[in-house]
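> Here it is: the structure, laid out below.
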Amino acid sequence: MTESELITASHEALTRMDSIFEFWIGGTFAILVAFYFIGNSSTRMLRVIAVFLYAIFSALIATRFFSVSGIYVNFRDELIAIDSVGVIADWSVELNTILWPTLFFVGTASGLYFIFGGHKVLRQHGAGET
């Protein structure tokens, strides 16, 4: 691949990673809002099903994200090998490889806790009661 093609392909991979992350954030927010409004009226079975489905959703999103990030790293390594000026600073990539998985796992764990155990907190504050 030429330098121009590698830069374009790496940019497309980064854009895809961003859209995958935004989709996960949207799904996480949706489940949190849904269970906030359901509140105390959710049954244990509903919470178990929601935890199961949200865990599968998060696992699939993580798999897709890490797959695309692997593709990006390959393009970036090829750009580094040809001493391209189009290489994104290594510190930003390294920071992203630390922050995204941390945010993903903490966010997923928080979402799962909120679905399964959040009704106790909601009961204390009266949320979800109509």
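Whatever position you read off the sequence shown (first residue = 1), add 4 for the numbering used here.
The beta-carbon is built from N, C-alpha and C at its ideal position, and this holds for glycine as well.
From a predicted model like this one, the values you see are computed outputs, not experimental measurements.
#1: Whose C-beta lies closer than 7 Å to the C-beta of S8 among residues of the same chain, with five residues either side of it excluded?
#2: Closest to I119 by CA distance: which of G43, L18, S14 and S62 is it?
#3: Since R80 and S14 should fall inside the 8 Å C-beta cutoff, what is the C-beta to C-beta distance between them, to a whole number of angstroms?
#4: Which same chain residues, not among the five before or five after L49, have their C-beta less than 8 Å away from its C-beta?
#5: Would a C-beta distance cut-off of 8 Å place Y58 and L103 closer than the cut-off?
#6: Measure the C-alpha to C-alpha separation of Y76 and D87 and round it to an integer number of angstroms.
#7: Are the CB atoms of F27 and I65 within a distance shorter than 8 Å?
#8: Return helix, strand or coil for I86, following the three-state DSSP convention.
#9: To which residues of the same chain is A17 closer than 7 Å at the C-beta, ignoring the five residues directly before and after it?
Straight from the coordinates:
#1: none
#2: G43
#3: 6 Å
#4: Before going on, a small fix: residue 49 reads as Met here, not Leu. If we look at M49 and ignore the five residues flanking it on each side, it has no Cβ neighbours.
#5: no
#6: 16 Å
#7: yes
#8: coil
#9: V72, I75, Y76 and F79
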